[in-house]
Structures are given as structure tokens and as C-alpha cells.
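Student: Dropping the structure in here first, questions after.
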Amino acid sequence: MEDLTTAVCWACGGKISPEDNYCRFCAKGQGKYIPWYYKHWGIIALTVMAMGPFSLIFVWKSPLLSRRAKWAYTAAILAATWYLVLTIYNWWLAFSAFLCPMMNSGGGTFGNLIQ
Numbered sequence: 065m066e067d068l069t070t071a072v073c074w075a076c077g078g079k080i081s082p083e084d085n086y087c088r089f090c091a092k093g094q095g096k097y098i099p100w101y102y103k104h105w106g107i108i109a110l111t112v113m114a115m116g117p118f119s120l121i122f123v124w125k126s127p128l129l130s131r132r133a134k135w136a137y138t139a140a141i142l143a144a145t146w147y148l149v150l151t152i153y154n155w156w157l158a159f160s161a162f163l164c165p166m167m168n169s170g171g172g173t174f175g176n177l178i179q
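Sequential numbering from 65 applies to the sequence shown in my numbering.
Structure representation (C-alpha cells):
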């Protein structure tokens with residue numbers, strides 16, 4: 065029978081006391097002391113401002129998110145990444161279509177555009 069006075073660390077699985085704020089084995093925060101990048105707002109901030117799809121690492125390691133929330137975050141991040149990639153690709157196609165006639169008419173250098 066398992067002792068009810070112990071808790072389990074979400075990161076390493078070590079047995080800790082329920083009133084511990086940090087795991088004594090891996091030093092990860094417990095309860096409200098979980099790092100900011102595992103919280104909802106931290107994952108959203110990292111996705112938008114810095115990491116894009118690489119923030120999925122924090123989504124799947126987060127002890128705060130349920131399995132359903134992890135799948136929802138994954139779908140949203142991948143959809144946003146796909147939309148951003150398509151938008152940048154379309155901008156590139158538009159820029160290339162605009163620039164190619166100029167490059168071909170003047171011999172292929174930007175110097176001919178200035179003259």
C-alpha cells in the first residue's frame with residue numbers, strides 16, 4: 065500500500081513531501097512554483113514572440129496542461145505556423161514576380177535599374 069503522505073514529482077517521479085515547493089532530487093518547482101514557460105501564458109508568449117513551433121517542447125513537457133489541452137495547443141501552433149509559412153511564401157512569389165521583369169529587361173543587375 066502506498067503512503068498517502070508523499071507526493072510524486074512531475075519531472076523526475078521522485079517521492080517528495082506534499083508541502084515541498086521544489087523537488088529535492090531534480091530541483092523542479094512543484095504546484096504554483098512551476099516555471100513560467102510551462103504555464104498557459106508562457107507557452108503563448110514563447111510561441112508568438114520567439115520560438116514558433118519549437119514551443120511544442122514546452123507544451124508536451126508542461127505538467128499544468130491536460131492531454132486534451134496539449135493536443136489543442138499543438139493543433140493551434142501547427143496551424144498558425146502553416147499559415148505564416150504560406151503567407152511568407154506568397155509574399156516571396158509576389159516579390160519575385162515584381163522583380164523578375166526588372167532584372168530581365170536591364171541585363172540582370174541592379175546597376176541597370178539606377179541608370
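Backbone N, C-alpha and C fix where the C-beta goes; we use that ideal spot for every residue, glycine too. Computed from a predicted model, the values in this text were never measured in an experiment.
What are the boundary residues of the alpha helix (DSSP H) that includes Ile-107?
Tutor: It spans 104-110 - the alpha helix (DSSP H) in which Ile-107 sits, taken as one unbroken run.
Student: Using CA coordinates, which residue listed in Ala-161, Ala-144, Ile-121 and Trp-100 is at the minimum distance from Lys-134?
Tutor: The shortest Cα separation from Lys-134 among Ala-161, Ala-144, Ile-121 and Trp-100 belongs to Ile-121.
Student: Tell me which residues share the same chain as Cys-164 and place their Cβ nearer than 8 Å to its Cβ, disregarding the 5 neighbours each side in the sequence.
Tutor: Result list for Cys-164: empty, nothing under 8 Å.
Student: Along the chain, where does the alpha helix (DSSP H) containing Ile-98 start, and where does it finish?
Tutor: First-last for Ile-98: undefined, no H or E at that position.
Student: What does the Cβ neighbour count give for Tyr-97, buried or exposed, with the cut at 16 atoms within 10 Å?
Tutor: The residue in question, Tyr-97, is exposed, as its Cβ has fewer than 16 Cβ neighbours within 10 Å.
Student: Using the beta-carbon count (16 or more within 10 Å), is Tyr-153 buried or exposed?
Tutor: Under this definition Tyr-153 is an exposed residue.
Student: Taking 8 Å as the limit between beta carbons, can you name the residues of its chain near Phe-89, skipping five residues before and five after?
Tutor: Closer than 8 Å at the Cβ level, and outside the excluded window around Phe-89, lie Cys-73, Cys-76, Gly-78 and Ile-80.
Student: Go to Phe-122, then tell me how far its alpha helix (DSSP H) extends in each direction, as first and last residue.
Tutor: Its alpha helix (DSSP H) spans residues 120-125.
Student: Could you tell me which residues DSSP puts in a beta bridge with Ile-80?
Tutor: Answer is Ala-71.
Student: Going by the DSSP bridge assignment, what does Tyr-86 pair with across the sheet?
Tutor: Partner(s): Gly-93.
Student: How would you call Ser-160, buried or exposed, if buried means at least 16 neighbouring beta carbons within 10 angstroms?
Tutor: Exposed.
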